[in-house]
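Residue numbers (our numbering), protein chains in the order written: chain G, 13 to 344; chain R, 168 to 498.
1) Go through the region 181–236 of chain G residue by residue and report every complete run of the beta strand (DSSP E) that reaches 3 residues or more, in order.
2) If you follow the beta strand (DSSP E) that residue 77(G) is part of, which residue opens it and which one closes it?
3) Buried or exposed, going by whether 16 or more other CB atoms sit within 10 Å of the CB of residue 394(R)?
4) Is the Cβ of residue 389(R) closer than 7 angstroms to any Cβ of chain G?
5) Within its chain, find whatever has a CB closer than 6 angstroms to the CB of residue 209(R); leave out the 5 residues flanking it on each side and keep chain order.
6) What are the complete beta strand (DSSP E) segments, minimum 3 residues, inside the region 223–254 of chain R?
7) Three-state secondary structure (DSSP) at residue 487(R)?
8) Please give the ranges of any alpha helix (DSSP H) in the region 129–178 of chain G, keeping only runs that are unbroken, at least 4 residues long and fully inside the region.
9) DSSP puts residue 407(R) in a beta bridge; with which residues?
10) Going by DSSP in three states, residue 174(R) sits in which element: helix, strand or coil?
11) Note the first and the last residue of the continuous beta strand (DSSP E) segment covering residue 240(G).
12) Using the rule of at least 16 other Cβ atoms within 10 Å of the residue's Cβ for burial, across every protein chain shown, is residue 234(G) buried or exposed?
13) Could you tell me whether the region 317–331 of chain R touches the region 282–299 of chain R, where touching means 3 or more Cβ pairs closer than 8 angstroms?
14) Let me check understanding here. Comparing Cα to Cα, which of 165(G), 199(G) and 330(G) lies closest to residue 249(G)?
15) Using a Cβ-Cβ cut-off of less than 8 angstroms, list which residues of the region 236–254 of chain G approach chain R; keep chain order.
16) Give me the subset of the region 187–208 of chain G whose CB atoms are less than 9 angstroms from a CB atom of chain R, sorted by chain position.
17) Exposed or buried, what is residue 409(R) when buried is set at 16 or more other beta-carbons lying within 10 Å of its beta-carbon?
18) Excluding the five sequence neighbours on either side, which residues of its own chain have a C-beta within less than 7 angstroms of the C-beta of residue 74(G), listed in chain order?
19) Look at the alpha carbon of residue 238(R) and the alpha carbon of residue 327(G), and state the distance between them as a whole number of angstroms.
20) For the candidate residues 335(R), 389(R), 192(R) and 407(R), whose alpha-carbon lies nearest to that of residue 352(R)?
21) Could you tell me the distance, in whole angstroms, from the CA atom of residue 464(R) to the CA atom of residue 177(G)?
22) Residue 399(R) CB to nearest chain G CB: under 7 angstroms?
23) Output, in chain order, the set of chain R residues within a Cβ distance shorter than 7 angstroms of residue 276(G).
24) So, helix, strand or coil for residue 332(G), using DSSP?
25) Please name the residue or residues paired with residue 28(G) in a DSSP beta bridge.
26) Could you pull out every residue in the same chain whose Cβ sits closer than 6 angstroms to the Cβ of residue 50(G), ignoring the five residues on either side in sequence?
27) Quick one: is residue 359(R) near chain G, going by C-beta distance under 7 angstroms?
28) Using only the alpha-carbon positions, how far apart do residue 192(R) and residue 167(G) sit?
29) How about the region 22–36 of chain G and the region 276–287 of chain G: do they share at least three Cβ pairs that are nearer than 8 angstroms?
30) Listing by chain order, which chain G residues have their CB less than 7 angstroms from the CB of residue 454(R)?
31) If I'm right that residue 85(G) touches residue 62(G) with Cβ under 8 angstroms, what's the distance once you round it to whole angstroms?
32) Alpha carbon to alpha carbon, what distance is there between residue 363(R) and residue 260(R)?
33) If we cut at 7 angstroms on Cβ distances, does residue 373(R) have a partner in chain G?
34) Kindly indicate which residue of 299(G), 307(G), 306(G) and 228(G) has the alpha-carbon position closest to the one of residue 314(G).
35) Out of curiosity, what's the CA-to-CA distance linking residue 354(R) and residue 334(R)?
36) From the beta carbon of residue 221(R), is the nearest beta carbon of chain G less than 7 angstroms away?
Next comes the structure, spelled out in structure tokens:
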């Protein structure tokens with residue numbers, strides 16, 4: 013069998029705070045194949061960003077702590093690499109685009125220089141070559157008059173253009189994996205459509221894998237091939253995008269879909285909201301973390317966390333004790 | 168919903184310009200940010216009018232100017248036979264009893280040093296308690312109405328989650344029995360599952376109390392869900408205003424069409440089939456809007472006339488207003 017691009021095995025991440033130990037990621041395991049687009053969805057504090065930052069070892073230690081697990085990238089465990097080796101992976105083979113394009117660019121350097129920096133470091137290009145390549149990259153992500161804009165500072169770019177520049181920077185070393193952490197959340201919907209379109213096009217042209225982290229199920233439906241749904245640091249449902257939307261199994265995923273009004277459906281129906289709040293990550297319940305908000309909660313759910321198990325369709329996994337009863341419509 | 172066609176508020180030719188000054192001492196007036204530029208619409212009694220648009224289109228400024236939190240530059244705001252743009256400050260304070268606001272950021276809009284009780288009762292101290300109840304009873308009633316435990320009255324805002332804080336903001340807005348509530352992005356800082364809770368609450372309260380909402384947001388699907396009619400703003404102007412179904416099924420302005428097609432739909436089958444209009448470029452600066460139609464820099468249909476003449480905001484069918492030279496041909 014071919015080696016997967018990225019394999020996470022039982023990743024656990026916590027943070028030590030004054031209020032106690034925050035259990036941000038609680039045993040996440042999955043495989044991301046080469047050239048796939050994976051959507052990671054969940055609400056604030058579900059661990060989606062922390063788990064992605066941990067892949068690149070970008071969480072501050074302390075207060076953060078990667079307690080256990082493996083992050084196998086091309087079969088090598090990134091958590092065991094020396095910082096020197098890791099530097100070649102970061103920005104070289106795995107690139108990351110962050111949520112806020114206003115703060116993730118350095119305001120004191122030109123956009124061109126910031127793109128050239130990675131090219132000179134990872135690919136050993138000369139300054140002149142790096143500059144030429146940076147111009148090509150800006151043109152690739154659709155910035156008009158790219159070669160002239162290399163000498164602009166970030167404040168001279170609009171929000172959408174900054175995010176394009178960030179993507180250009182991410183693509184500069186032809187990474188195998190692009191991790192995009194809520195890259196369009198700070199942008200307007202017409203600009204968001206431009207960025208989603210751009211990443212989709214580039215992903216197909218360059219054949220890289222993309223991990224797109226978002227809370228917007230709409231973007232996932234448009235972009236992703238597979239989806240991880242996260243809640244309180246666990247993956248609670250995982251599968252092909254069509255199964256997640258059409259054969260939704262987990263009560264939380266069902267609730268998320270129910271609480272979204274859809275533009276293409278006649279309005280007027282009441283939204284199905286999920287009652288209550290996400291659990292406190294300092295004091296997680298013993299069993300399923302969704303138990304206090306779940307309509308189907310039973311005794312067993314309070315006692316132990318259900319494992320991810322086969323949910324019928326190909327590669328569709330679910331962590332719920334009662335999913336079969338719920339799917340057959342016999343659960344209360 | 169019990170929407171009527173009696174206007175509660177009539178806004179006519181409203182303008183709000185923010186001056187740009189240059190120089191330290193002389194503060195020369197060198198230009199204006201045309202945040203709201205000649206906007207006219209009615210809000211019917213008992214309805215929800217949704218106001219959508221992208222960052223910087225002036226939607227929040229419209230909401231604030233209606234409540235005179237900003238002084239209008241020109242135009243009139245008719246509310247129960249009074250022109251709010253002209254009444255003096257003392258009179259305006261009395262009028263604010265009838266119009267309240269719910270703010271976007273539930274962290275910044277509640278004073279961290281005040282208890283929930285004193286936050287909710289602040290409007291009662293200014294305007295008096297309606298229906299001759301005592302203040303304590305009224306606060307209990309309000310907290311119950313928004314789904315908070317009245318025992319929380321002595322707690323401080325930091326003890327609550329984002330969704331609960333937004334409920335406190337709603338209780339404060341309801342305190343003086345207003346008829347109009349301007350909801351300025353009340354859910355955009357909340358998580359998806361909590362958004363639905365707050366929207367359901369707003370709808371319940373509208374049915375129970377006969378409230379009228381001006382609902383300002385950038386999330387089109389949520390606005391379509393809650394509104395009776397929707398107005399789309401771009402660069403300080405209303406581009407299109409009509410019934411929420413009409414605007415989705417038959418959008419006439421090219422900007423509305425692009426905006427609708429840019430909203431992701433949580434359904435992979437629909438996402439695959441949908442025709443998307445991807446707009447090029449960014450929104451121009453409101454300090455220096457284009458000549459002619461405001462949308463001409465990004466419009467896929469722009470012709471010569473669009474760069475010369477500003478399109479008239481006109482009623483194409485009954486209740487369907489559009490500002491586009493080619494509104495008859497776009498669909």
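Don't be surprised by glycine CBs; every beta carbon is placed ideally from N, CA and C.
All values reported here derive from a predicted model rather than from experimental measurement.
In short:
1) 189–193 and 221–226
2) 76–85
3) buried
4) yes
5) 174 and 177
6) 241–246
7) strand
8) 139–152 and 158–161
9) 399(R) and 489(R)
10) strand
11) 238–243
12) buried
13) yes
14) 330(G)
15) 253 and 254
16) 199, 200, 201, 202, 203, 204, 205, 206 and 208
17) buried
18) 28
19) 59 angstroms
20) 389(R)
21) 22 angstroms
22) no
23) 432 and 437
24) coil
25) 33(G)
26) 44, 223 and 238
27) yes
28) 27 angstroms
29) no
30) Neighbours of residue 454(R) on chain G: none; closest Cβ ~14 angstroms, over 7 angstroms.
31) About 18 angstroms; that fails the 8 angstroms criterion.
32) 33 angstroms
33) no
34) 299(G)
35) 11 angstroms
36) yes
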